[in-house]
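First comes the structure, then the notes that go with it.
In our numbering, the protein residues as written are 1340 to 1494.
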């Protein structure tokens, strides 16, 4: 019995030790900077409206989709990432709070999490309230489908 318990403990420790580290992505919090970067690099702009410190679906979206290596690899060459946060227990600087509230009003975001995908010039390509994908590949497919449906910008 002790051997079984020891083997179980070793299996748990190995699983915890082998768990991948979350991917660190460059999330921007300033819309103007994010849009400028999207235009300069001709990348799509993905806005994540989140309640980072209280919204469990937001935390799940971040942990299981947005922080995965698969999504990070895709985002690095295809997206500019903008976090629009509405924390309850962490305070934001007042200018950031007002800017986030203005974006929430402009894009009529009524719940969290909400993802909004913009073309580099700012046209809304798609939006999604709640977490509808369960795998990074599904989220990437949603983005790519919206990219294909959008005509290229006129120069």
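Beta carbons are placed, not taken as given, at the ideal position from N, Cα and C, and that holds for glycine.
Inset, instruction - Verify whether the separation of the beta carbon atoms of residue 1464 and residue 1418 is less than 9 Å. - result: Your numbering for residue 1464 matches position 125 in the chain shown. Your numbering for residue 1418 matches position 79 in the chain shown. Result no, Cβ atoms of residue 1464 and residue 1418 do not sit closer than 9 Å.
Inset, instruction - Could you pull out every residue in the same chain whose Cβ sits closer than 8 Å to the Cβ of residue 1341, ignoring the five residues on either side in sequence? - result: Counted from its first residue, the chain shown places residue 1341 at position 2. A caution first: residue 1341 carries a pLDDT of 47, below 50, which makes its placement in the model too unreliable to give a value.
Legend entry - Helix, strand or coil at residue 1483 [DSSP, three-state]: Here residue 1483 refers to the residue found at position 144 when the chain shown is read from its first residue. In the structure shown, residue 1483 sits in a helix (DSSP, three-state: H, G or I).
Legend entry - residue 1424: first and last residue of the uninterrupted beta strand (DSSP E) it sits in: The sequence position of residue 1424 within the chain shown is 85, counting from 1. According to the DSSP assignment, residue 1424 belongs to the beta strand (DSSP E) that extends over 1418–1424.
Legend entry - Whole-angstrom C-beta distance between residue 1459 and residue 1410, which should lie under 8 Å: As a first step, residue 1410 is located in the chain shown; it is residue number 71 there, counting from the start. As a first step, residue 1459 is located in the chain shown; it is residue number 120 there, counting from the start. Between residue 1410 and residue 1459 a beta carbon distance of about 20 Å is seen, past the 8 Å cut, so the two are scored as non-contacting.
Legend entry - For residue 1378, the nearest candidate out of 1367, 1461 and 1416 (CA to CA): As a first step, residue 1378 must be located in the chain shown, where it is residue number 39. For residue 1378, the nearest C-alpha among the options comes from 1461.
Legend entry - Contact check, residue 1453 vs residue 1441, beta carbons under 9 Å: Within the chain shown, the letter at position 114 stands for residue 1453. Within the chain shown, the letter at position 102 stands for residue 1441. The answer is no: Cβ separation not under 9 Å.
Inset, instruction - State the Cα-Cα distance for the pair residue 1485 and residue 1466, rounded to the nearest angstrom. - result: Locating residue 1485 in the chain shown gives position 146, counting from the first residue. Locating residue 1466 in the chain shown gives position 127, counting from the first residue. Roughly 10 Å between the two C-alpha positions.
Inset, instruction - Return helix, strand or coil for residue 1456, following the three-state DSSP convention. - result: As a working note, residue 1456 is residue 117 in the chain shown. Strand, per DSSP.
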